[in-house]
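Each remark here refers to the structure printed beneath this line.
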Amino acid sequence: MLQGPWLPCLSTNATERRLYNARGSSESRRSLERDRVDGTKRAYALWFSYILSASRELGSDKTVELIAKVANKRGRADGAELKEKLGIKNSDLNSALKVYEKFMSDSGAEVKTLSAEETRAIIRVGSCPIFEGFLSAGMTCDWLTETMCKTLTLPLLQAIVNEVNPSLRLRIRKFRGSPEDFCLEELYS
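The sequence shown stops at residue 205 when you use my numbering, and every number in between is there.
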């Protein structure tokens with residue numbers, strides 16, 4: 017039989033335990049939120065570092081091709097999971113927007129819908145651990161971070177919203193220039 021001080025880790029997620037322990041304390045919740053953002057940033061930094069290494073070995077064209085496949089597959093899986101988790105039954109733009117917002121906020125991004133109509137929504141993405149992950153991986157050129165966002169993140173998000181409605185499109189209307197800046201994204205049919 018397994019024994020040891022780590023045994024509770026087998027049955028309960030560490031983040032869930034910390035959430036449970038932090039319920040009454042707003043300071044603990046803020047700390048937990050910052051930990052989540054930092055964890056997301058580190059995970060993306062590792063992923064982007066791997067992409068840079070793969071690009072050196074395979075060439076950029078092959079790497080971009082593989083990224084597109086991975087982003088699409090992962091996005092479809094995440095979209096289906098979030099759609100079920102949120103109980104989304106409709107395929108309208110607002111339903112897809114809820115799935116998009118949930119994915120981004122779960123990643124630690126600050127997301128605010130500035131306008132939402134029947135056929136389009138404008139979304140402001142403030143603090144973004146994905147962008148911070150780019151910087152942590154050494155992608156400090158503006159054109160490279162924007163290219164990686166359009167090559168990896170945008171197809172991932174596109175696949176996520178397409179699980180709700182395959183006819184919706186997502187595009188970046190304004191790309192941030194720094195971590196303190198923001199992006200504007202448009203979800204439209």
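Quick reminder that beta carbons are idealized off the backbone N, C-alpha and C, glycines included.
Check whether the Cβ atoms of L186 and L173 lie closer than 8 Å to each other. yes
Cβ of L175 within 8 Å of Cβ of A87? It should be noted that the sequence gives Ala, not Leu, for residue 175. Yes, Cβ-Cβ distance for A175 and A87 is below 8 Å.
At a cut of 8 Å, does the segment 118 to 129 reach the segment 138 to 147 through at least three beta carbon pairs? yes
Cβ contact check for the segment 147 to 167 and the segment 48 to 68: 3 or more pairs under 8 Å: yes
Quick test of the definition: if touching needs 3 or more C-beta pairs under 8 Å, does the segment 93 to 105 touch the segment 68 to 79? no
Count the other CB atoms, across all protein chains shown, that sit within 10 Å of the CB of Y66; report buried if there are 16 or more and exposed otherwise. exposed
Entirely enclosed alpha helix (DSSP H) segments - the segment 58 to 127, minimum 4 residues: 76 to 101 and 109 to 122
Is the Cβ-Cβ distance between V177 and L203 less than 8 Å? yes
Alpha carbon to alpha carbon, how far is S131 from E73? 43 Å
According to the Cβ coordinates, are R189 and F198 closer than 8 Å? no
DSSP three-state label for V177, please. helix
With distances taken Cα to Cα, identify the nearest neighbour of S71 among G55, M164 and K128. M164
Can you tell me whether A125 is buried or exposed, with buried defined as 16 or more other CB within 10 angstroms of its CB? buried
For G154, is the classification buried or exposed, using 16 other Cβ atoms within 10 angstroms of its Cβ as the cut-off for buried? exposed
So what does R45 bridge to, in DSSP terms? The partner list for R45 (beta bridge, DSSP) is empty, contrary to what the question assumes.
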